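Written out below as structure tokens is the structure these notes cover.
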Amino acid sequence: MLSQGTRALGTAARQFTRHTYHRAAAVTSLTRSHVISASPRAAVTTRHLPITRLALLHTSRSCLTTYQQADVPIERYHRIADVTLDVMVDNLEAAGEEVEIDGFDLEYSQGVMTLKLGAHGTYVINKQPPNKQIWLSSPKSGPKRFDYDDAQHKWFYQRDNSTLDGLLNDELNGILGDDIDVLEGLDTDEL
């Protein structure tokens, strides 16, 4: 039979994990009145509950989905990456025509897209065929390398589980419009 403290900890952990996802870090010897805060909305108090080990899960606004790197043949990687970048270019060009940004320029050639946003910086998104990845250089979040999840049809960053489209949508929101979706219209059947 579980003690009341153990049941409370289980409930708190379930509530905590609803707002978090898989990047675990071990914490030892937490005792009374420790607050574990995933976000302002998801604080968990472990009052009067001695804990020897607790896996804290990293938080993200992106999702609760766990992604798995796909091992796709190189020809399919090129098709997936090209379709993804083509859709991004189309959507970014359309968004750029709707807003006034000094220095806006979008170039795409041979698997390398350069998005210049004047005072907001320059984004470079390019294919990396040897690793079967798409690389992003962002003036806000820095460099990231995205792998492809074939089941979810998403390019994701393994370190924080963010997706390429989610990150770009968040960063470009407000600059290119409040409802930017860089992969709007992507037909996953083409992948």
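Sequential numbering from 2 applies to the sequence shown in the working numbering.
By construction, the Cβ of each residue, glycine as well, lies at the ideal position given by its N, Cα and C atoms.
Given the structure is predicted, the values throughout are model-derived calculations rather than measurements.
Under the three-state reduction of DSSP output, T164 falls in the strand class. Bounds of the alpha helix (DSSP H) holding N92 are I75 to E99.
By the C-beta criterion, the segment 92-112 is judged not to be in contact with the segment 156-166, since fewer than 3 inter-stretch pairs fall below 8 Å. V125 is the residue among V125, D151 and L184 whose C-alpha sits nearest the C-alpha of K145. Rounded to whole angstroms, K128 and S139 show a C-alpha spacing of 15 Å. Cβ contact annotation for A120 (same chain, cutoff 8 Å, sequence separation greater than five): D103 and G104, in chain order. DSSP places L173 in the helix class (H, G or I) of the three-state scheme.
A direct Cα-Cα distance of roughly 10 Å separates I81 from D190. Excluding sequence positions up to five before and after L137, its CB lies within less than 6 Å of the CB of I126 and K145, all in the same chain and listed in chain order. The beta carbons of Y68 and F157 sit closer together than 8 Å.
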